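In our numbering, the protein residues as written are 1190 to 1670.
Below is the structure:
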């Protein structure tokens, strides 16, 4: 009877369920490798499986004490949770330094009038910020690699905060020119917040979360315009410069909560600190930690510049450089040109205020009016739908088609600005154009790291970012002179 019962079970697979991380090999397993499964008193033998000499034991059959895992494995196992939401907000405050960029379009006409600056000096005041950004990005990257992501980010934020506040006390043009250049130098390190943020994100959530953090850029630009509406008519541009540093001050206060990158700690030989950080994340997310020992991930050789110009990547690199250059040139050009267009008065019926059109020389100036600020706010709000539309379509139609669509719509709306249109139509065209050029920028951020192999990914993205800053540096002399 027992033999019949045994035969009846022979046609079924026997599965033993284990808790996560539990080994399938029992301590009581014999040397011969024979196993048995007990099901309701029924004893059935399993045939031993012998591995070839030198073959690795499958991970699920390995002893837990021999298991190892890397930081990336732990981040994937812990997943996305409460910790990442908090991290999104805090690193987003650093990314809200868009206020320091948006202020350029508001500060320029004010100083043009108050200090009677010629157009080229106004444009230089904007360009010097991008010169500072371009000259410092490599330095901040080296500091972050040597002393930690959190350290590099804190120093760059405090640097930007300090010189941003000092800008409000500049007595003459040369002083504010130097101080805004130093602000740009600090802004060059703020993208380290994205590096720190990405190293705590599971792979599946990484692309969308990095896109979502761009919402803080949009929040920064909108908050800057709202601040200008309140501050400029009463307190003036000096207080606007000082108060624009508030998000960075808030970040500096909250920075005590921000952990150092666990990946950096492991690479620095500080496994205990990295493990403590990962356990903290697991506790906050209510997720289990992987079992075993934390080890250093295998490091690939860093790519060289010539790797970007191999026959396979040559045209890709050149095309991406052109895309990033054009994108930054168009985005910042539109931001700076918005106030110029609103100040154009009644030319081609742009303004709803019926005033006599007078020829203007380079020293003639107009302060921004309440109507200008209102329309500037509307065009700035376009950054939100720009990011959201990109999020919605980027996985549906692909990265390249998303960029192509964004640039096509932007170009069409920009060409319509040459027509004699009313102010309301002008505002709508600027809104749509800015939404799509902003979305195109985000699509490029997602596409560029994906097109290069791991060894040249950082280098490829870095050179593209450098080309974008060249485009932004040239823009003021086209939009403001």
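Even for Gly, the Cβ is constructed at its ideal location relative to N, Cα and C. Keep in mind that this is a model prediction, so the values were computed, not measured.
Helix, strand or coil at residue i [DSSP, three-state]
{"i": "residue 1652", "result": "helix"}
{"i": "residue 1493", "result": "coil"}
{"i": "residue 1558", "result": "coil"}
{"i": "residue 1658", "result": "helix"}
{"i": "residue 1499", "result": "coil"}
{"i": "residue 1591", "result": "helix"}
{"i": "residue 1518", "result": "helix"}
{"i": "residue 1483", "result": "strand"}
{"i": "residue 1544", "result": "Residue placement at residue 1544 is flagged as unreliable, the pLDDT there being 46, under the threshold of 50; a coordinate-derived value is accordingly withheld."}
{"i": "residue 1389", "result": "coil"}
{"i": "residue 1257", "result": "strand"}
{"i": "residue 1377", "result": "coil"}
{"i": "residue 1382", "result": "helix"}
Cα-Cα separation between residue i and residue j, rounded to whole angstroms
{"i": "residue 1408", "j": "residue 1499", "result": "40 Å"}
{"i": "residue 1525", "j": "residue 1627", "result": "14 Å"}
{"i": "residue 1274", "j": "residue 1639", "result": "24 Å"}
{"i": "residue 1457", "j": "residue 1324", "result": "27 Å"}
{"i": "residue 1619", "j": "residue 1596", "result": "14 Å"}
{"i": "residue 1292", "j": "residue 1426", "result": "10 Å"}
{"i": "residue 1590", "j": "residue 1582", "result": "9 Å"}
{"i": "residue 1277", "j": "residue 1440", "result": "12 Å"}
{"i": "residue 1360", "j": "residue 1470", "result": "48 Å"}
{"i": "residue 1600", "j": "residue 1514", "result": "15 Å"}
{"i": "residue 1357", "j": "residue 1343", "result": "22 Å"}
{"i": "residue 1430", "j": "residue 1668", "result": "22 Å"}
{"i": "residue 1655", "j": "residue 1320", "result": "11 Å"}
{"i": "residue 1502", "j": "residue 1496", "result": "8 Å"}
{"i": "residue 1565", "j": "residue 1480", "result": "54 Å"}
{"i": "residue 1272", "j": "residue 1281", "result": "14 Å"}
{"i": "residue 1257", "j": "residue 1483", "result": "6 Å"}
{"i": "residue 1673", "j": "residue 1381", "result": "Within the shown structure, residues of the chain are numbered from 1190 to 1670, placing residue 1673 beyond reach of any answer."}
{"i": "residue 1642", "j": "residue 1392", "result": "16 Å"}
Closest Cα partner of residue i within the set the options
{"i": "residue 1375", "options": "1287, 1621, 1298 and 1361", "result": "1287"}
{"i": "residue 1674", "options": "1356, 1320 and 1494", "result": "For the chain, the structure presents residues 1190 to 1670; residue 1674 sits outside this window and is missing."}
{"i": "residue 1411", "options": "1569, 1392 and 1664", "result": "1569"}
{"i": "residue 1416", "options": "1400, 1398, 1435 and 1399", "result": "1435"}
{"i": "residue 1587", "options": "1396, 1460 and 1556", "result": "1396"}
{"i": "residue 1262", "options": "1670, 1445, 1478 and 1621", "result": "1478"}
{"i": "residue 1625", "options": "1613, 1667 and 1574", "result": "1574"}
{"i": "residue 1633", "options": "1455, 1657, 1563 and 1452", "result": "1657"}
{"i": "residue 1167", "options": "1370, 1467 and 1660", "result": "This structure cannot settle anything about residue 1167, because the visible part of the chain is limited to 1190 through 1670."}
{"i": "residue 1390", "options": "1306, 1605, 1659 and 1270", "result": "1270"}
{"i": "residue 1557", "options": "1281, 1483 and 1297", "result": "1297"}
{"i": "residue 1464", "options": "1424, 1485, 1475 and 1431", "result": "1485"}
{"i": "residue 1422", "options": "1333, 1561, 1461 and 1351", "result": "1561"}
{"i": "residue 1652", "options": "1509, 1462 and 1266", "result": "1509"}
{"i": "residue 1451", "options": "1362, 1334, 1566 and 1379", "result": "1334"}
{"i": "residue 1438", "options": "1352, 1635 and 1260", "result": "1352"}
{"i": "residue 1662", "options": "1402, 1483, 1522 and 1267", "result": "1522"}
{"i": "residue 1428", "options": "1305, 1295, 1531 and 1460", "result": "1295"}
{"i": "residue 1610", "options": "1267, 1531, 1447 and 1577", "result": "1531"}
{"i": "residue 1529", "options": "1506, 1299 and 1305", "result": "1299"}
Distance between beta carbons of residue j and residue i, contact taken as under 8 Å
{"i": "residue 1630", "j": "residue 1520", "result": "6 Å"}
{"i": "residue 1649", "j": "residue 1664", "result": "At roughly 23 Å, the Cβ-Cβ gap does not stay under 8 Å, so residue 1649 and residue 1664 are not in contact."}
{"i": "residue 1185", "j": "residue 1433", "result": "Absent from the model: residue 1185. The displayed extent of the chain is 1190 to 1670, so no value can be given."}
{"i": "residue 1379", "j": "residue 1283", "result": "5 Å"}
{"i": "residue 1260", "j": "residue 1442", "result": "Wrong, their Cβ atoms sit about 28 Å apart, outside the cutoff."}
(message) Tell me whether the region 1363 to 1375 and the region 1301 to 1314 touch, counting them as touching only if at least three CB pairs, one residue from each stretch, are closer than 8 Å.
(response) Touching, yes.
(message) Check whether the region 1336 to 1343 and the region 1370 to 1390 touch, using three or more Cβ-Cβ pairs below 8 Å as the test.
(response) They touch, by the three-pair rule.
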